[in-house]
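Report on the following structure.
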Amino acid sequence: MKARVHVSYKTGVLDPQGKAIGLTLKNLGFAGIGEVRQGKLIELELAESDANKARKAVEAMCEKLLANTVIENYAIELDNE
Amino acid sequence: MKARVHVSYKTGVLDPQGKAIGLTLKNLGFAGIGEVRQGKLIELELAESDANKARKAVEAMCEKLLANTVIENYAIELDNE
Amino acid sequence: MKASVIVFPGSNCDRDIQVALANSMGGPVEMVWHGQTEMAQTDLIVLPGGFSYGDYLRCGAMSARSPIMREVVARAQQGVAVLGICNGFQILLEAGLLPGALLLNAGRNFVCRDINIRVENSQTQFTSRYEQGQILRIPVAHHDGQYFADPDTLAELQAGDRIAFRYCGSAGDESANPNGSIDDIAGIFNDRRTVLGLMPHPERAADPLHGGTDGRGLLDSLVSALS
Amino acid sequence: MRNEPNITPAQVAEHGLSEAEYQTILNVLGREPNLTELGIFSVMWSEHCSYKSSKFWLKTLPTEAPWVICGPGENAGVVDIGDGKAAIFKMESHNHPSFIEPYQGAATGVGGILRDVFTMGARPIANMNALRFGAPEDAKTRHLVAGVVAGVGGYGNCVGVPTVGGEVNFDAAYNGNILVNAMTVGLADADKIFYSAAAGIGNPVVYVGSKTGRDGIHGATMASAEFDDATEEKRPTVQVGDPFTEKLLIEACLELMGTDAIVAIQDMGAAGLTCSSVEMADKGGVGLDLDIDKVPQRETGMTPYEVMLSESQERMLMVLRPGSEDAAKAIFDKWQLDFAVVGRVTDTGRFIGRNNGAVVFDIPVRPLVDESPEYERPWVKTSAPAPLAAVTAPMDHMAALQIMLAGPDLSSRRWVWEQYDNSVMADTVRKPGGDAAIVRIHGSNRGLAITTDCTPRYCLADPHQGGAQAVAEVWRNLTAVGARPLAITDCLNFGNPERPETMGQLVGCIQGMGEACIALDFPVVSGNVSLYNETHGQAILPTPAIGGIGVLDDLEKHADLALRRTDDQIILIGETKGHLGQTIYLRQLLQRQDGPPPPVELAVERHNGDFVRGLIAAGTVDTCHDLSDGGLLVAAAEMAMAGDIGLDLNGPDDPGFWFGEDQGRYLLSVPATLVDAILQQAEKRQVPAQIIGRTGGETLTLNTCEPISLSRLRRSHEAWLPDYMNSN
Ligand SMILES: Nc1ncnc2c1ncn2[C@@H]1O[C@H](COP(=O)(O)OP(=O)(O)O)[C@@H](O)[C@H]1O
Ligand SMILES: [Mg+2]
């Protein structure tokens, strides 16, 4: 099974990367661009085939490593769910 | 309208970050983990309300800035599409 | 006094702090591999600078989950002095021994430069050799040094005199913040002031040939407090 | 041998082999090659690996001196620096990949040169980078500068080796073809150098580091081909660097080198596993059997062709002593790196590959190397430049100075080097910003001085003089900090050698370099050639980048360019004839590029330099700057800005005096009490020396020109590059 974890900054945390992207897009002539945020997308291949168990495992991975919950939120998507 | 751009390495391109994450997850005792890949997720707020036009614009942004098409692929998701 | 430097895969200032500490202590410094689960008795634990795990995912994230860190946290809870420099500071935050987080520099580039910091609290085992308000000239070299804390945490740090150093101009007043850190913060203590994390590298300003010795006071303070 | 379809002429051409070269392959094998064999021949005989156009001329360079432990031919050059220590160093180009993908191209360039150095047993202690970009106005330049600088820093900072210096030039000739030359200097015990000659029949051949993927297949052939519009198609040949793995690889290799397990070791650079195994076998005069299926692979279904030609980064090949495999493996396990026994040393003299037991290639080693083509390409001598037309000063000298210091050629490179960690390892004594960087030899009071230099506009006007000048400037920059110059590495970047004019530039530069090396006792111990640097027939400026090292026996006695005291006298050493041909003054203020470059008088260069070095070694002089781009007034201003102390200068009004680029000159700042003694010594030694000013105040003053405040001068000098990079 494949899992996709999306990690993004919590609101209130500065995102210099996103800000710079927004600015550069404007400089490149793109109009009508509001806020831009950059996050991470982590894709994992898992041996686990039970969706419930897989989600539990990925949640544990997020809490333990993949996200820093002081500044980041995470969301998990599973294939075949 | 909101657009989400997912930028990831092309297959075959080494992903050092993903490799290190996979290793650490194993070191932490998580079992059954296959390949791990890390990509970027860029979220944009757009003034454009026409989905077709929005997609065109975001595609141009990807080609011009958001993705490095030498080594990266991108995929675009639009809200309300 | 006994001091131990933890070596993570990708640490690259481990030898630098080892040499500088050994000079201050006049004796050897223990190097401890991150994969160990135990550590001999020690008075000071140093988490060195570098790019542990390549700074991949988040700086310090993977090192903070190294086997030895369980022991480091336990010792810190017992009151053993812990010093985290640069990447070591990032690891301390990821390990929860200090509050807040370090984000990408506001300028988005790596920055290597001599900067000034002001000693904000000289009443600690890390800073007793400095005067309150003393300006130090010390190099920074980092990509992710922008200190961030939510308003409550920040207020707590301020109220508890837990800000160790702030970036400042050469006269000590105007701001000269190299990375956009909130409140110009360059280093912070835990609530008992037994743990210090800072971005600048005192070990690179510890020898006349470095072009300055302002970092040496930090190491000398520790030696006099812990010997 | 597996049956495969016959090789077609189109495949031969695709592999960059000429018909004649293919004929030689048929002769060597006595049969038709299969595709894997064709691939192996093609990378081994590419310009990059075989030096087929330059070999003939490279052999003319002087490579020996009593202190040279190992000259060209190994992964890097090795020189004895005293106290039982050796310095190991080399410079290498990563031009084409950096143009296609600046960040990763530059990053993997740094990774590659680091491996060349630690392969030989050295701990890398310093990196340098010599960069050439197109005109600032060119649409691509800003993006390329940003990517390359971030890539150099991203890799070097992460592995924890300080980047202590380099150069940055802008010129329209590099618009379609930038140059990224990286240099690494390492330190080893002089009696513990590791070489690449395989030995010991039956000994295990071991692969360590990262797994092999499909990256960079045909990278070596790409570095030997001209750019065209199909460049986009070649894109997947760019590799992503993994500096974290490199750092682990450095530590693991150095740990293993502390034991006696290694018989021979070689990094996998261009042409990967093929080039490394063939070179190891050839140097040792042995054969090598490889089990391709044992090679750690990142992707499934890789063919032997792909495994043999992959340029995946962060990999090494070693021959171990029998029985040491387990101990070696334990070290690589600890660092979580791949380790696999992939073959054996044999006495067959053949390079044989098997996949699951079946032979997939079988090539005699010697001919694969010895029969590699070598061309004495036709060349024409570059015609002598026309004499310089009359020059009239377009403005007063101070106004000229301000424009020059705040322009693309001479503005501060701080924006670049602040992105490089220049003090990790805590042994950096002189950071970027001076003439040569100084790095302490760890645990001692001695140091190494390091610099890279080349003035391509001189090389274009007169390759011979330009080649000599590049070597002389390196020597001078080392001397200016008080170091005893020891040896150089070179990175010869040129256009298409099949063009006689370009070949003439290469020949001229090498001849000039060789003369300078002999006159200055400054041998070449390693180097690299990068040809075909052109796009749509537009060649780059001939750019023989030179990297040099020197030794300081007492770090207490070194010089720096920053003024230290007020009321010092400024002494100009060397003769000033006022040579304005090919100067920055002409180029920037008059948009002219005419006349000959300044002649390099090697005997004078040496004489003046030895004098200056003697003063520094004696502890008499601690403030010194050599004169190069921009001439006297620029050098003086740099000294004032660096030390934040003003200067009052006096001399003739002639622009040639203040902006001429005559060679062999230095500025010294000395306390008034020492001036007479220095001038007397100079006279006795017949070294031209004259007082041209004194230090003090907060302005730069020249004759009767309006003084300029140092802070204003510094602001515009510092601003150009960041302003340029931040505007789009
Ligand atoms: N790409 C670079 N990386 C690091 N340092 C650089 C780079 N380019 C220039 N510098 C530094 O800036 C200073 C001035 O460079 P340059 O004008 O080429 O010196 P010089 O004329 O003495 O050879 C030197 O100290 C040099 O090392
Ligand atoms: Mg110089």
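One line per chain: the protein sequences are A, B, C and D, in this order.
Counting in my numbering, the first sequence runs from 1 upward without gaps.
Counting in my numbering, the second sequence runs from 1001 upward without gaps.
Counting in my numbering, the third sequence runs from 2001 upward without gaps.
Counting in my numbering, the fourth sequence runs from 3001 upward without gaps.
C-beta atoms are modelled at their ideal positions from N, C-alpha and C, and glycine is treated no differently.
All of these numbers come straight from a predicted model, not from anything done at the bench.
Looking at S3210 of chain D: is its Cβ nearer than 8 Å to the Cβ of T3163 of chain D? no
Using a beta-carbon distance below 8 Å, is I1021 of chain B in contact with chain D? no
Strictly under 8 Å for the Cβ-Cβ distance: is G1029 of chain B near chain D by that measure? no
Taking the straight line between their C-alpha atoms, what separation do you get for A2106 of chain C and K3557 of chain D? 40 Å
Report the partner residues of L2083 of chain C according to the DSSP bridge assignment. C:V2046 and C:L2196
Span separating the alpha-carbon of E3101 of chain D from that of Y3724 of chain D: 21 Å
Examine chain D for any beta-carbon lying closer than 8 Å to the beta-carbon of R2113 of chain C, and answer yes or no. yes
Comparing alpha-carbon positions, which option in D:L3448, D:P3500, D:G3447 and D:R3613 lies nearest S3383 of chain D? D:P3500
Can you give me the C-alpha to C-alpha distance between N3181 of chain D and V3152 of chain D, rounded to a whole angstrom? 10 Å
On the three-state DSSP scale, how would you describe A3220 of chain D? Because the pLDDT of A3220 of chain D is 46, which lies under 50, any placement of that residue in the model is unreliable, and the number read from its coordinates should be weighed accordingly. Helix at A3220 of chain D.
What are the partner residues of R3350 of chain D, as DSSP defines its beta bridges? D:P3364
How about T11 of chain A: is its C-beta nearer than 8 Å to some C-beta of chain B? no
Drop a sphere of 10 angstroms on the beta-carbon of T3063 of chain D, count the other beta-carbons inside from all chains shown, and report buried for 16 or more, exposed for fewer. buried
Using 8 Å as the limit for Cβ to Cβ distance, is D3229 of chain D near chain B? Because the pLDDT at D3229 of chain D is just 46, under 50, the model does not fix this residue reliably, and the value given afterwards should be weighed accordingly. Chain B, which has no Cβ nearer than 8 Å to the Cβ of D3229 of chain D, makes this no.
Determine the burial state of A2074 of chain C: buried for a count of at least 16 other Cβ atoms within 10 Å of its Cβ, exposed for fewer. exposed
Given a cut-off of 8 Å, decide if V3238 of chain D and V1070 of chain B are closer than it, judged by their beta-carbon atoms. yes
Leaving aside the five residues before and after M2031 of chain C along the sequence, list all residues of the same chain whose C-beta is less than 6 Å from its C-beta, in chain order. V2005 and V2007
Considering Cα atoms alone, identify which of D:N3445, D:R3484 and D:L3492 is closest to G3466 of chain D. D:L3492
What does the Cβ neighbour count give for K3443 of chain D, buried or exposed, with the cut at 16 atoms within 10 Å? The sequence as given places Gly at residue 3443 of chain D; Lys does not occur at that position. The residue is exposed, with fewer than 16 neighbouring Cβ atoms inside 10 Å.
By alpha-carbon positions, which one of D:Q3402, D:E3299, D:K3192 and D:T3024 ends up nearest to I3262 of chain D? D:K3192
Nearest to G3578 of chain D (by Cα), restricted to the options D:Q3011, D:T3699 and D:G3660: D:G3660
What residue does the beta strand (DSSP E) around K3577 of chain D start on, and which one ends it? Where K3577 of chain D is concerned, there is no enclosing beta strand (DSSP E), given that its DSSP letter is neither H nor E.
Following the continuous beta strand (DSSP E) through G3548 of chain D, name the residue where it begins and the one where it ends. T3543 to L3552
By how many angstroms is the C-alpha of K2 of chain A removed from the C-alpha of A3013 of chain D? 43 Å
Express the C-alpha separation of S3050 of chain D and A2176 of chain C in angstroms, rounding to a whole number. 52 Å
Alpha carbon of A2141 of chain C to alpha carbon of T3576 of chain D, nearest angstrom: 42 Å
Can a CB atom of chain B be found closer than 8 Å to the CB of I33 of chain A? yes
Taking Cβ-Cβ distances shorter than 7 Å, what residues in chain A pair up with Q2101 of chain C? The question names Gln, but residue 2101 of chain C is Ala in the sequence shown. In chain order: N68, V70 and I71.
In terms of residues, what are the limits of the alpha helix (DSSP H) holding S49 of chain A? Run containing S49 of chain A: none; DSSP gives neither H nor E here.
Rounded to the nearest angstrom, how far is the Cβ of I2185 of chain C from that of R2204 of chain C, given a contact under 8 Å? That pair is no contact at about 20 Å.
For H3015 of chain D, which residues in the same chain have their Cβ closer than 8 Å to its Cβ, ignoring the five residues on either side in sequence? L3038, G3039, F3041, S3042 and T3221
Assigned exposure category for E3233 of chain D - 16 Cβ within 10 Å defines buried: For E3233 of chain D, the predicted structure reports a pLDDT of 37, less than 50, and the residue's modelled location is therefore unreliable. A value from the coordinates is still provided. Classification of E3233 of chain D: exposed, given that the 10 Å Cβ count is below 16.
Determine the chain C residues that contact L44 of chain A at a beta-carbon separation under 8 Å, and present them in chain order. What L44 of chain A touches in chain C: nothing, since even the nearest Cβ is about 13 Å away.
On the CB-based measure, 16 or more other CB atoms within 10 Å of its CB, does D3676 of chain D come out buried or exposed? exposed
Would you call G3665 of chain D buried or exposed, if buried means 16 or more other Cβ atoms sit within 10 Å of its Cβ? Note that residue 3665 of chain D is Arg in the sequence shown, not Gly. Flag for R3665 of chain D reads buried.
Cutoff 8 Å: Q3569 of chain D Cβ touching any chain E Cβ: The structure shown contains no chain E; the protein chains it does contain are A, B, C and D.
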